[in-house]
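In our numbering, the protein residues as written are 1 to 88.
Where is the CB? At the ideal position from N, CA and C, for every residue including glycine.
Structure first, commentary second.
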């Protein structure tokens with residue numbers, strides 16, 4: 001399963017919640033980093049870490065898929081007789 005297929009697959013409920021929390025953390029961190037006022041250095045450092053943690057949490061939560069979905073479905077192989085019958 002490719003990364004794009006994983007991202008498009010349904011996400012479990014728990015990871016949807018974690019994804020939304022990650023988006024909120026990334027938004028708060030980005031807002032603090034882009035604030036037009038002077039903030040203490042510690043606040044800027046913490047905001048950077050919060051933004052990165054939120055981005056990672058969001059990305060990881062998005063690519064989690066349900067276990068019951070087939071990972072690599074086996075291709076079906078038709079016998080020679082079946083192939084000839086379908087061609088007629």
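Cβ separation of residue i and residue j, assumed to be a contact under 8 Å, to the nearest whole Å
i          : j          : result
residue 59 : residue 30 : The Cβ separation is near 15 Å, so there is no contact.
residue 32 : residue 43 : 6 Å
residue 19 : residue 61 : 4 Å
residue 54 : residue 35 : The pair is not a contact, with the Cβ atoms about 16 Å apart (cut-off 8 Å).
Boundaries (first-last residue) of the alpha helix (DSSP H) holding residue i
i          : result
residue 44 : 41 to 62
residue 28 : 13 to 33
residue 7  : 3 to 8
is_contact[residue i, chain E] using C-beta, thresh 8 Å
i         : result
residue 2 : The structure shown has no chain E; it contains just one protein chain.
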